[in-house]
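Heads up: the structure comes next, in structure tokens.
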Amino acid sequence: MINNRSIDRTTYSKRYLNSDKLTILKKQTILPILLLLVSCAQTTTLRNGYSKAPTKSKVFKNSVYFEQAILDQIDTTVIYEEYNDNYYEGLVKQENVLARHNYANRHTTYGVYRFYGNGCFNLFHLDRDKPELTAEMFDPAYTGWRGVLYKKKNKILGDMFTQTGQMGWQLGKQTEAFIFRGDTLIVELKNVHKFFYIKRHIDKKLLEHHAEW
């Protein structure tokens, strides 16, 4: 004979577990949506229709530690373009080359830094398949991630508002260390990852934009 009370308890247990799973699923769904809404509320869309910039100045609060002497090491009349020094095709390391000339890489976009005389900077992204440069590509009101330079413990640091996660909507502040050696810029992330950029002279008329943030 089957115990009805036993059946009731089993049914209740299953309902409880299903309810618990549903609650967890709701939390997992709602949290990203809330984060997305918060992120959108604290950003503005640039003129290209998709790039984001922060609306709150506290993102760049470390700009108060900017020192004019930092600019002695930086050329504000040029861009510093990405250099691939550690690019692999499968397990084979490829020749070091400017990202703009790395035709082995199927990804055609590459980064360039632009620094301003007031300590602000941008990270723009150019396309290897669009070699003709325009002023719009370097207009901080139109495109680009924004950042500020400052000095801390004898290091040149930069706080940049950028994509911080795998998902495109995950935006936030990223701190980078900048080392300038002649025509070379070395960007360090978390004292682990190093990225190299090489000075490139372009038409100065393309860089007549101002940055205030």
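Take any residue in the sequence shown, count from 1 to its spot, add 4: that is its number in this note's numbering. Note that the Cβ used here is the ideal one computed from N, Cα and C, for glycine as well.
Residue j beta carbon less than 8 Å from that of residue i
i	j	result
ILE206	ASP187	no
TYR146	ARG51	yes
LEU211	THR48	no
TYR84	TYR117	yes
LEU161	THR138	no
PHE70	GLY121	no
Residues near residue i in its chain [Cβ-Cβ closer than 6 Å; skip 5 each side]
i	result
GLY115	GLU86, LEU127 and HIS129
GLY176	THR168
PHE199	VAL191
MET164	TRP149, GLY151 and GLN178
LYS159	ALA181
SER55	THR147
GLU140	TYR146
Same chain only: Cβ atoms within 7 Å of residue i, ignoring 5 sequence neighbours per side
i	result
PRO36	Below a pLDDT of 50, predicted positions are generally treated as unreliable, and PRO36, at 47, falls in that range; the measurement from the model is reported next regardless. Contacts found: none.
PHE142	ARG118, PHE128, LEU210, LEU211 and HIS213
GLN174	GLN167 and THR168
ILE34	For ILE34, the pLDDT reaches just 48, beneath the cut-off of 50, and the residue's location in the model is therefore unreliable, although a value from the coordinates is still provided. Here the set comprises nothing.
ARG104	GLU85, TYR114 and ARG132
TRP217	PHE64, CYS124 and ARG150
ASP79	LYS203
Beta-ladder partner(s) of residue i, from DSSP
i	result
ALA57	THR48
PHE165	ARG150 and LYS177
VAL82	DSSP lists no partner for VAL82.
ASN126	ARG118 and ARG150
HIS197	LEU193
THR131	It is worth fixing the name first, because residue 131 is Asp in this sequence and not Thr. For ASP131, which the question treats as bridged, DSSP gives the partners THR113.
LEU102	TYR87
ILE183	ILE190
VAL96	GLU93
LYS203	TYR84
HIS160	Reading off the sequence shown, one finds Ile at residue 160, where the question assumed His. Note: ILE160 sits in a beta bridge opposite LYS155 and PHE182.
Min CB distance residue i to chain D below 8 Å
i	result
THR81	The chain inventory of the structure shown lacks chain D, comprising one protein chain alone.
Rounded distance between the beta-carbons of residue j and residue i, thought under 8 Å
i	j	result
PRO144	ALA215	5 Å
PHE184	GLN77	4 Å
ASN100	ASP89	5 Å
Cutoff 8 Å; reference residue i; Cβ partners in own chain excluding five residues on either side
i	result
ASN109	ASN88, TYR91 and ALA103
LEU4	Residue coverage of the chain in this structure runs from 5 to 217, which leaves residue 4 outside it and unanswerable.
THR112	ASP131, ARG132 and ASP133
GLN98	ASN88, TYR91, TYR92, ASN106 and ALA108
GLN46	PRO58, THR59 and LYS60
LYS208	THR81
LEU95	none
- Report yes or no: do the stretch 192 to 201 and the stretch 122 to 129 share at least 3 C-beta pairs separated by less than 8 Å? Judged by Cβ distances under 8 Å, the stretch 192 to 201 makes no contact with the stretch 122 to 129, as fewer than three pairs qualify.
- Message: Quick check: the stretch 55 to 67 against the stretch 145 to 152, are at least 3 beta-carbon pairs closer than 8 Å?
- Response: Taking one beta carbon from each stretch, the stretch 145 to 152 and the stretch 55 to 67 have 3 or more pairs nearer than 8 Å; the two touch.
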